[in-house]
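Chains as they are written, first to last, in the UniProt record's numbering: chain A, 1 to 164; chain B, 1 to 164; chain C, 1 to 164; chain D, 1 to 164.
See structure below.
Number of protein chains: 4
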Amino acid sequence: MSQEQPNPPSLPPTEAIQTDPDLRATTENWFEYPIIAYPHQTDYAGIVWHGCYLTWLEEARIECLRSLGIEYADLVNLGCELPVIELALRYHRSLRMGMRAVVKTRMSDLQGVRINWEYKIVSPDGKETYVTASVTLVGIDREKGKIYRELPPAVKNALVKLRI
Amino acid sequence: MSQEQPNPPSLPPTEAIQTDPDLRATTENWFEYPIIAYPHQTDYAGIVWHGCYLTWLEEARIECLRSLGIEYADLVNLGCELPVIELALRYHRSLRMGMRAVVKTRMSDLQGVRINWEYKIVSPDGKETYVTASVTLVGIDREKGKIYRELPPAVKNALVKLRI
Amino acid sequence: MSQEQPNPPSLPPTEAIQTDPDLRATTENWFEYPIIAYPHQTDYAGIVWHGCYLTWLEEARIECLRSLGIEYADLVNLGCELPVIELALRYHRSLRMGMRAVVKTRMSDLQGVRINWEYKIVSPDGKETYVTASVTLVGIDREKGKIYRELPPAVKNALVKLRI
Amino acid sequence: MSQEQPNPPSLPPTEAIQTDPDLRATTENWFEYPIIAYPHQTDYAGIVWHGCYLTWLEEARIECLRSLGIEYADLVNLGCELPVIELALRYHRSLRMGMRAVVKTRMSDLQGVRINWEYKIVSPDGKETYVTASVTLVGIDREKGKIYRELPPAVKNALVKLRI
């Protein structure tokens, strides 16, 4: 690494993004999605621009659903959307161009039509944590333009399998 | 609006993103940055993709700093970066292609080298709220690759003026 | 500018992007859209990532249409889309974070349902050229999912006014 | 596919993007990079936004270089950048959310410090063509901020292997 590009610092300790305390003890059931940082994701500082992580969170979530038999595009064509209604990210360390990492995700909670996902973006050996995040989706009926009272059974049944 | 694109629903009430309770009473000192939703910001649902809001939060923050006499590019050339280390967004209503809105932002708190910003994205008449958000930056010394113990005086003095 | 960020070089002479020779003589009728390079648009080299220019080309085109009384979102709601079917860009000089520029655009040609736009991204004083580009749109009937035989009269009449 | 989302039309015949006539006869030596269209890449029309293809072209090019033993991030750290100085795309058919495709790329020509790449984005079975493109890179010496007179030997030797 050249002198003008020092190793990105570890960020100072702060209060963690709130997660259900029961989750913290669990280390199982993570879905893993490998990523590489390409030039288009970097910014002037030579690191991944903070907003680019949202594309990876989405991709990991969709691949996790696919691993359960839910094709998100099919769900939308059937009239059900799952938009993001809340998200929180904490950036612990930077990813530089060319670095590989793994997005680990799992559904942490299913509260009615709200679906909570938890994320960790870590180094391939799991020793470094780059980002931790939580994302909340809600089920929407495309035709009515309204939030569902209950998720469609096919969606709910698939998601229940993910419950940790 | 055609039948297959119903008005985006108002999202269900949830706990607000935590902000300093003292801030809630204050309605002054917002910096305003007008935006328009272009096609490249929309997704398959005809609304702005949730990650695109981060570009607007950044643009509003940089314009707010410029209004105080801080050119962010100059700051970086002088060796000081202000990366995002934490953010949280809540999506209340959707923005559709062609809609105009206003990003309202203010520095809500300055804790040592941590700079907290608060945001509301609202309709031009202020009656609808689309997104609320908070973003935390930290001051980094580019040369050392380390977090500052103290912000450079020029930055600190400009930011203190923003304190609400 | 610090040593590790040398001035971006002027790129070597190459064959220009082909444009109608009749256009070259014309210097009038450009629509102007001012831009600023924000951090999210930069890459590891400290310059605007080459793909980000496409968002500016789109924004300038939509604002040019708006100046003629065509709201693109309304057009889509009425069933007419104008997707890009061809584009070509040449990068002459780089834009760095914080720099201002002007996207100049004009409709260079209307060939049936094909609408050709020409672009120059230049410095505010017009002395430096960063990018030259051409973009071709085609009119599509959303309902039929087919290219129009003829553009809807309202669109065609508005565009004819733009003809140089 | 629902009624409001008709199959995207095949675009009308136009003159192809110019490529070296010698290349047209060759069907070998393509590097293949598989892609999937995620929600963040779609626009209001339910198809991939035209600018998103540039991220895939870049990713495929970098993976092609990696397959030759060139890590682009290492090259940059050694002082050599390969920015895009020209590109041209033609959009033949649309990709919809959830669709898979393959980006096929190959270095079509090496002219001094100019490196020309050719692309086809096709369906997994190769029967449908979505996009054809050409991209020209140039070698830049980061320290001097100037275009190289000659590519560094390590780069040139690796690229020569790609020559078709």
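In this text, a Cβ means the ideal position worked out from N, Cα and C, and glycines have one as well.
Every value quoted in this text rests on a predicted model; they were computed, and no experiment measured them.
- [ ] State yes or no: is the C-beta of A:L57 within less than 8 Å of the C-beta of A:Y119?
- [x] yes
Open item on the list: By the three-class DSSP mapping on this structure, what secondary structure does B:E32 have?
Closed with: strand
Task: Proximal residues of chain B, C-beta to C-beta of D:M97 below 7 Å - done: Y44
Task: Closest Cα partner of B:R114 within the set B:V135, B:V76, B:N157, B:G69 - done: B:V135
- [ ] Indicate whether the contact test is met: 3 or more Cβ pairs, each with one atom in the region 60–76 of chain C and one in the region 63–77 of chain A, closer than 8 Å.
- [x] no
Task: Contact check, B:M97 vs C:A133, beta carbons under 8 Å - done: no
- [ ] Starting from the beta carbon of A:R90, find every residue of chain B whose beta carbon is closer than 8 Å, and list them in chain order.
- [x] I85, E86
TODO: Pick out whichever of D:H40, D:G112, D:D125, D:E143 has its Cα sitting closest to the Cα of D:N157.
DONE: D:G112
Task: A:Y33 beta carbon less than 8 Å from that of A:V103 - done: yes
Open item on the list: Can you tell me whether residue 175 of chain A is helix, strand or coil according to DSSP?
Closed with: Because chain A spans 1 through 164 in this model, residue 175 of chain A falls outside it and cannot be assessed.
Task: Cβ neighbours of B:W30 in the same chain (closer than 8 Å, five flanking residues each side left out) - done: K104, T105, R106, K120
Task: Alpha-carbon to alpha-carbon, A:G51 and B:L54 - done: 6 Å
TODO: Under 7 Å between beta-carbons, which chain A residues line up against B:T129? List them in chain order, please.
DONE: Here the premise fails: no neighbours, minimum Cβ distance about 13 Å.
Task: Residues near A:L89 by beta carbon distance below 7 Å, same chain, minus five either side - done: Y53, V131, A133
Task: Enclosing beta strand (DSSP E) for D:D109 [first to last residue] - done: 100–111
Open item on the list: If we define contact as Cβ-Cβ less than 8 Å, is D:W56 a contact residue for chain B?
Closed with: no
TODO: Out of A:E128, A:I70, A:R163, A:K144, state which residue places its alpha-carbon closest to the alpha-carbon of A:N116.
DONE: A:R163
Task: Same chain only: Cβ atoms within 6 Å of C:L75, ignoring 5 sequence neighbours per side - done: none
Open item on the list: Please classify A:L151 as buried or exposed, where buried requires at least 16 other C-beta atoms within 10 Å of its C-beta.
Closed with: buried
Task: 9 Å Cβ cut-off: residues of chain D touching C:E81 - done: Y44, A45
Open item on the list: Suppose you measure from the CA of D:E81 to the CA of C:V155; what does that come to, to the nearest Å?
Closed with: 44 Å
Task: Cα-Cα separation, B:A37 to A:L137 - done: 22 Å
Task: Cβ-based burial, B:R143 [other Cβ within 10 Å; buried from 16] - done: The residue you asked about is not Arg; residue 143 of chain B is Glu in the sequence shown. Exposed, since its Cβ has fewer than 16 Cβ neighbours within 10 Å.
Task: Presumed contact (8 Å Cβ cut-off) between D:A101 and D:I147, rounded CB distance - done: Going by Cβ atoms, the distance from D:A101 to D:I147 rounds to 34 Å, so no, they are not a contact pair.
Task: Pairwise C-alpha distance: B:E128 and B:V122 - done: 5 Å
Open item on the list: Please state the DSSP three-state secondary structure of A:D125.
Closed with: coil
Task: Any chain C beta carbon closer than 8 Å to B:V76 - done: yes
Task: Bridge-paired residues (DSSP) for B:V48 - done: B:T42
Task: Min CB distance B:Y38 to chain C below 8 Å - done: yes
Task: A:V84, buried or exposed, once every other Cβ within 10 Å from all chains shown has been counted against 16 - done: buried
Open item on the list: Assuming D:K161 and D:L78 are in contact, meaning their beta carbons sit under 8 Å apart, how far apart are those beta carbons, in whole angstroms?
Closed with: That belief does not hold up - the Cβ atoms of D:K161 and D:L78 are roughly 19 Å apart, past 8 Å.
Task: Cβ-based neighbour list, C:P124, same chain, cut-off 8 Å, excluding 5 preceding and 5 following - done: P34, R100, A101, V102
TODO: Note the first and the last residue of the continuous beta strand (DSSP E) segment covering C:E86.
DONE: 84–91
Task: Per-residue burial, C:P153 [other beta carbons within 10 Å of its own, 16 or more giving buried] - done: exposed
- [ ] Please state if the CB of B:L110 and the CB of B:L159 are separated by a distance shorter than 8 Å.
- [x] yes
TODO: Using a Cβ cut-off of 9 Å, pull out every chain B residue sitting near C:I62, in sequence order please.
DONE: I36, Y38, P39, G98
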